[in-house]
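So the sequence lines, in the order shown, correspond to chains R and W. All residue numbers for the first sequence refer to the working numbering, where the first residue is 2 and numbers rise by one. All residue numbers for the second sequence refer to the working numbering, where the first residue is 756 and numbers rise by one. Backbone N, C-alpha and C define an ideal beta-carbon position, used for all residues, glycine too. Source: prediction; values computed, not measured. Some notes on the structure that comes next.
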Amino acid sequence: EPEVTQTPSHQVTQMGQEVILRCVPISNHLYFYWYRQILGQKVEFLVSFYNNEISEKSEIFDDQFSVERPDGSNFTLKIRSTKLEDSAMYFCASSEGQGAHRKLFFGSGTQLSVL
Amino acid sequence: KQEVTQIPAALSVPEGENLVLNCSFTDSAIYNLQWFRQDPGKGLTSLLLIQSSQREQTSGRLNASLDKSSGRSTLYIAASQPGDSATYLCAATYSSASKIIFGSGTRLSIRP
């Protein structure tokens with residue numbers, strides 16, 4: 002069964018450093034998303050991406066965050082200058098379409114630890 | 756404010772029992788509601804998706820219902836097995852907005 006893959010599974014970085022989290026969505030999917038889950042808290046929406054542009058973003062997704070689809074397969078989340086509070090599990094997801102029948106497929110996540 | 760709530764936060768039952776997990780949402784104008792399973796250190800696996808025009812969906816031993824008027828959804832698990840132990844999340848999509856709003860989950864433990 003096709004799946005969303007994320008790399009790396011774990012990332013440790015120093016505060017202030019830039020990190021790039023990588024995702025390969027399911028090949029025929031057109032909509033891409035990033036979510037995060039801080040330990041012990043709810044899964045939170047960050048951003049959605051369609052047709053090479055951001056379609057929606059949350060208040061969490063400020064200027065230090067950016068997303069890119071550099072080629073036909075990868076989808077990346079960049080955090081420019083990491084803060085301690087950015088430590089979380091980051092999930093990438095993709096879906097074939099939008100609408101009431103839309104089903105999201107999630108990757109297994111990247112655990113980001115900012116020291 | 757659109758919110759999704761799940762009660763209880765944790766549930767432990769003996770193997771073989773049927774059980775119900777509860778989810779409530781504050782705005783009845785949902786587009787769809789999904790139930791996910793999350794295993795420790797793993798991603799989220801979509802179990803069932805109920806469109807706003809539907810009242811229930813079934814997959815194997817799982818049955819999810821949706822009552823928009825009361826703002827509730829339930830996930831029924833029949834004949835529970837130790838392999839069902841995981842955290843179960845419900846998540847609502849409002850209008851055609853891209854984002855999904857998640858509940859905090861119910862951590863289910865099935866005792867052999």
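**Request:** Measure the CB-CB distance between Ser840 (chain W) and Leu863 (chain W) and report whether it falls below 8 angstroms.
**Result:** yes
**Item:** Straight-line Cα distance separating Gly73 (chain R) from His30 (chain R)
**Value:** 11 angstroms
**Item:** Contact set for His11 (chain R): own chain, Cβ-Cβ below 6 angstroms, skip 5 residues either direction
**Value:** Gln112
**Prompt:** Near Leu802 (chain W), what residues of its chain come up, given a Cβ to Cβ distance below 7 angstroms and the 5 sequence neighbours on each side ignored?
**Reply:** Trp790, Phe791, Arg792, Ser814 and Leu817
**Prompt:** So, using beta-carbon positions, are Pro763 (chain W) and Thr842 (chain W) closer together than 8 angstroms?
**Reply:** no
**Request:** State whether the region 72–92 of chain R contacts the region 18–27 of chain R, with contact taken as three or more CB pairs (one from each stretch) at a distance under 8 angstroms.
**Result:** yes
**Asked** Of all the CB atoms in chain W, is at least one closer than 8 angstroms to the CB of Val68 (chain R)?
**Response** no
**Asked** How about Val25 (chain R): is its C-beta nearer than 8 angstroms to some C-beta of chain W?
**Response** no
**Prompt:** Does the beta-carbon distance from Gln809 (chain W) to Leu799 (chain W) come in below 8 angstroms?
**Reply:** no
**Request:** Using three-state DSSP, classify Leu31 (chain R) as helix, strand or coil.
**Result:** coil
**Item:** Ile805 (chain W) to Asn787 (chain W) span [Cα, whole Å]
**Value:** 6 angstroms
**Asked** Do Gln761 (chain W) and Gly838 (chain W) come within 8 angstroms of each other at the CB atom, strictly closer than that value?
**Response** no
**Within chain W, partners of Lys43 (chain R) - CB distance below 9 angstroms** = Val759, Leu844, Ile856, Phe857, Gly858, Ser859 and Gly860
**Message:** Which residues in chain W have a C-beta closer than 7 angstroms to the C-beta of Ser109 (chain R)? List them in chain order.
**Reply:** Lys797 and Gly798
**Request:** Could you name the residues of chain W that Phe92 (chain R) contacts, counting a contact when the two beta carbons are closer than 9 angstroms?
**Result:** Gly798 and Leu799
**Prompt:** In chain order, what residues of the same chain have a beta carbon less than 7 angstroms from the beta carbon of Tyr91 (chain R), not counting five sequence neighbours either side?
**Reply:** Leu22, Trp35, Arg37, Leu78, Gly110, Thr111 and Leu113
**Asked** Is there at least one Cβ from chain R nearer than 8 angstroms to Leu804 (chain W)'s Cβ?
**Response** yes
**Message:** My assumption, with CB atoms under 8 angstroms, is that Lys823 (chain W) sits in contact with Ser807 (chain W). Please give the rounded CB distance.
**Reply:** 6 angstroms
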